[in-house]
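See below for the structure under consideration.
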Amino acid sequence: MSVLSQTSLLMLLVCGISVASSAQDISAGEMRSLDGQVQEIKSDVLNIASELSNLEERLLYPSNTQIAVFVSIAEDEDFRLDAVKIEINGEMATHHIYSFQELEALRKGGVQRAYTGNIVTGEHELRVTMIGKLANGKDFSETDSFSFSKGVKPATLGIVLAGPGLGKSEIQVGDW
Amino acid sequence: MGRAPSLATGLLLAACLAASPGHSDELKDLYFGEALYHAYQGHFFEALERLDTEVKQHDDLDEPELDTLFYHINDAEFSLGDFELRYRMHHRAGRAIKAVLEGAVDEAVRNDAAYRLARIHFQKNQMAEAIRALDRIEGKIPESIRDDIEFLRANVYLAQGRASDSIDVLKSLQGSDSFAGFAAYNLGIAYLQDGRKQDALEQLDRAGQIRTNDPAELAIRDKSNLVLGTALLESGEYEKAIPFLNRVRLNGPFSNQALLSSGWANMSIENTERAVVPWSILAEREVTDRATQEAMLALPYAYGQLNIHGRAAIQYGRALDSFTAEIDKLNASIDSIREGNFLQALIREEIRQDKDWVIRLRALPEAPETYYLMDLLASHSFQTGLQNYLDLADLHRKLLAWQNSFDSFDEMVDIRGTHYEPLLPEVDTEFRQLDSRIRLRIEQHKMLVKRRDDLLTTPRPEFLATREEQAILARLEHIEAQLQGMDAAVSSSILRRVKRLKGTLTWTLETEYHERLTRFDENLRGLDAAMAVAQQQYDQYVRARQSATHSYVGYEKPIKQLRAKVANATRKVELLMARQGHLLEVVAVDELIARRGRLAKYGDKARFALADSYDRATQAQARMEASK
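Those protein sequence lines, which keep their order, are chains A and B.
Mapping the first sequence onto the numbering used here, position 56 (from 1) lands on 56, and the numbers just tick up by one.
Mapping the second sequence onto the numbering used here, position 438 (from 1) lands on 1438, and the numbers just tick up by one.
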């Protein structure tokens, strides 16, 4: 059911039998006026957030040392991803346990920024471990290692996860 | 690395995040994917922040076609409008979607944008603008929104009072998979609005019998039956109204009103005993509901009509107790709201983690006022105000966290400055020496390259002589010079020997020229690689030197400016929160006062009726005893 139909339903319900109180009617104009101001402040705060992100990136993750690791799930996968552990050169970068909402967002095609950090230029090793449950209820855990080169530009790595047993590598890493 | 968020025209636009968009196109921009990841979780602030930055960066590029977002730019701009809409920023959303409409986009995307713009106008009660936006839709329409467009069009016509136009559109939607129940009900309403009562009743009858398991459609089916029953009741067709009111599910959202109306319909045809049944059920339900409160008075009234005055008195007494208790609860709620508890309960994070958080609010023992929220929430303006208050509370939390982070930034910059400042003069001295050495080497390398290039066009074998050969050649030329002016008899034999030696040397240089040039070229290429490594190391050094400076220089001003902006925004948010919160409190208190007033009137009625019932019961008993 689309939001429109739900909204329409709500509207029709409101317009129908239930009687809106006069207090609500009186305040509707004021609510609308405030709504405009709230929209403006949202816009202002979004601009601040954008400036702050740029500042943080410059200050904390300069481009010559920056590495960002993104995680996504391969198309048409029905396994349940419980957690992902990412190590860089043997050191823990991140260990993320997925909530239901996060997992749904990944399944719909969203891409999670799992880690942002700093490394020196040169050759490095990335080790990815994923833990999850298959559609048949069986637990699984897969680990794979990859080497990558960090140049002068920020390194952006995309990890694509798939359930085991499909004749392809469960963990794939690409340089973006 | 193939990945694919839904980038077809619908994207997550019409999908409303409720339906999962398909993986239709390969994702080429991770940052766009990141924005979608936030949006799919309902984190529209974060989604907007990411995508807005990404789109702005893309727009500033000299060669945007080389950027990965280039492949998704139409969808990204469209999504911006969508996220803004979902973050209740209609002003910006409208602008963003208009930009898509005016841009060079695919017909299907443009039509989707026009639909979304129309929806914004509809929500803002701007019906003429909504129709104008809908009229822009032409050509290829995405299948997923075809019915949505027509349903919206019908609703806009209804809102404009163009019932007849609405009827035409709604008729075409009767077979729709997604709108069947809603279209059937709305068609009935459109007939009513058009003055075609008989058609309306027949249509509502059909809408009231649809087969479905969908909770929303079940609700609209109930609604159809209730409206139909109420319409018949109001026109005095009481008996006809009853079966339709009885069709309303007992556990649906309209059952209370249906039970109440069913009781009155039965009373109206003097079928008092049948009226007692629905009212007895209703009188046991949640006492905060208006229909329940009315049933608590109607039920003893029915008993009175049946001459069961004793039971009527008991029921009136029960109603009076309930109303009194309810008034006490309302008074406590009004006090609680005035003490600020209502707003505090609304922004409790653990409550809002639950998608049914508004319903959960009712269970909060320390916030009794939230019992009465449900009716208020049905009002669009209250909902807008409430959502705005919650959004402001989120912004406030963010701004406070940012304000705290500035101190950390300052400290970080100070520590870096303290670390690098004493080291850099020595580093710079070494750097200058290295710089002059590398420049010299670069010049020498350039000279050799030029010589090699010259030799390729103008062969000069002597240029490729070894150091020893050069020395011999110089010695021979020196001897030749000394022989000048000497007696020919003496010099001729030496000169012959010198010429023979020069000839031998020239022979060697000429015959070995190509081999030597090849070796020279090979050596030079080896040197090129060494020079490239040296240049790379030099560049790394320069970058490292620059990063040292960039790690602590140039932050003071932006941090200061941002700190001021955050402080300013925090003040504005606090002011708006106070105003919005106050307005919500006023509306909530007014609502509760109105409820209290109604309950007080019901209480008065119950009190008089109770006394009357006692009298009648007493008289009846006296008559019985007298007859004995």
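Here a beta-carbon is modelled for each residue, glycine too, at the ideal position from N, C-alpha and C.
All values derive from a computational prediction rather than experimental measurement.
Contact with chain B by residue i, beta-carbon distance below 8 Å
i       : result
T116(A) : no
A135(A) : no
R113(A) : yes
E170(A) : no
G110(A) : yes
Q155(A) : According to the sequence displayed, residue 155(A) carries Ala and not Gln. So no, A155(A) is outside the interface.
A23(A)  : Because A23(A) carries a pLDDT of 46, less than 50, the predicted location of this residue cannot be relied on, and no value is offered for it.
G158(A) : yes
L161(A) : no
A93(A)  : no
E104(A) : yes
Endpoints, the alpha helix (DSSP H) within which residue i is located
i        : result
G943(B)  : The structure shown does not extend to residue 943(B), since chain B is modelled only from 1001 through 1628, so no value can be given for it.
L1630(B) : For residue 1630(B) there is no data in the structure shown, the boundaries of chain B being 1001 and 1628.
R107(A)  : 100–107
V1055(B) : 1044–1059
G1581(B) : 1556–1627
G110(A)  : Taken as a continuous stretch (DSSP letters only), G110(A) belongs to no alpha helix (DSSP H), as it is neither H nor E.
A1488(B) : 1488–1511
A1216(B) : 1215–1234
E1077(B) : 1073–1086
L1134(B) : 1127–1135
L1346(B) : 1341–1346
Cutoff 8 Å: residue i Cβ touching any chain A Cβ
i        : result
A1238(B) : The sequence as given places Tyr at residue 1238(B); Ala does not occur at that position. No - not a single Cβ of chain A is within 8 Å of the one on Y1238(B).
G1385(B) : yes
S1613(B) : no
P1021(B) : For P1021(B), the predicted structure reports a pLDDT of 31, less than 50, and the residue's modelled location is therefore unreliable. A value from the coordinates is still provided. So, interface residue.
E1034(B) : yes
H1090(B) : yes
L1392(B) : yes
F1409(B) : yes
L1030(B) : yes
N1388(B) : yes
H1550(B) : yes
L1173(B) : no
Y1040(B) : yes
Q1027(B) : It should be pointed out that residue 1027(B) corresponds to Leu in this sequence rather than to Gln. Yes, because at least one Cβ of chain A sits closer than 8 Å to the Cβ of L1027(B).
Three-state class that DSSP yields for residue i in the structure shown
i        : result
G1195(B) : coil
K1240(B) : helix
D1106(B) : coil
S1629(B) : One cannot answer for residue 1629(B) here, as it falls past the ends of chain B, which runs 1001 to 1628.
I1141(B) : coil
Q66(A)   : strand
F1254(B) : coil
Q24(A)   : In this prediction, Q24(A) scores a pLDDT of 49, lower than 50, which makes its location untrustworthy; no coordinate-derived value is stated.
E1421(B) : coil
Q1209(B) : coil
Q172(A)  : strand
E142(A)  : strand
G1304(B) : helix
V71(A)   : strand
N1523(B) : helix
K150(A)  : strand
G983(B)  : The structure shown does not extend to residue 983(B), since chain B spans only 1001 to 1628, so no value can be given for it.
G117(A)  : strand
G165(A)  : coil
Where the beta strand (DSSP E) through residue i begins and ends
i        : result
E123(A)  : 122–133
T94(A)   : 91–97
L81(A)   : 80–88
L1464(B) : Element bounds for L1464(B): n/a, residue is neither H nor E.
I159(A)  : 155–161
- Message: What are the residues in the segment 46–71 of chain A lying within 7 Å of chain B by C-beta distance?
- Response: Per Cβ criterion, the list reads L46, I48, A49, S50, E51, L52, S53, L55, L59, P62, N64, F70.
- Task: Please list the residues of the segment 1556–1582 of chain B that have a C-beta atom closer than 8 Å to any C-beta atom in chain A, keeping them in chain order.
- Result: From the segment 1556–1582 of chain B, only P1558, I1559, L1562, K1565, V1566, A1569, K1572, V1573, L1576, R1579, Q1580 have a Cβ closer than 8 Å to chain A.
- Message: Taking beta-carbon pairs under 9 Å, can you tell me which members of the segment 27–45 of chain A lie near chain B?
- Response: Answer in chain order: S27, A28, G29, E30, M31, R32, L34, D35, G36, Q37, V38, Q39, E40, I41, K42, S43, D44, V45.
- Can you check the segment 1268–1301 of chain B for any alpha helix (DSSP H) of at least 4 residues that lies completely inside it and give the ranges in chain order? Restricting attention to alpha helix (DSSP H) runs no shorter than 4 residues, the segment 1268–1301 of chain B encloses them at 1272–1283, ordered along the chain.
- Message: Beta carbons nearer than 8 Å to chain B: which residues of the segment 75–87 of chain A have them?
- Response: Those would be E75, D76, in chain order.
- Item | Contact list for the segment 1048–1070 of chain B against chain A, Cβ threshold 8 Å | Result list: L1048, E1049, D1052, T1053, K1056, T1068.
- Item | Positions along the segment 1213–1233 of chain B whose CB lies within less than 9 Å of some CB in chain A | Here the close residues are D1214, P1215, A1216, E1217, A1219, I1220, K1223, L1226, V1227, T1230.
- Quick one, which residues of the segment 143–154 of chain A are near chain B if we go by CB-CB under 9 Å, in chain order? V152: these are the residues of the segment 143–154 of chain A whose beta carbon lies less than 9 Å from some beta carbon of chain B, given in chain order.
- Query: Which residues, taken in chain order from the segment 1412–1436 of chain B, show a beta carbon closer than 8 Å to some beta carbon of chain A?
  - Reply: Across the segment 1412–1436 of chain B, CB contacts with chain A closer than 8 Å involve M1412, V1413, in sequence order along the chain.
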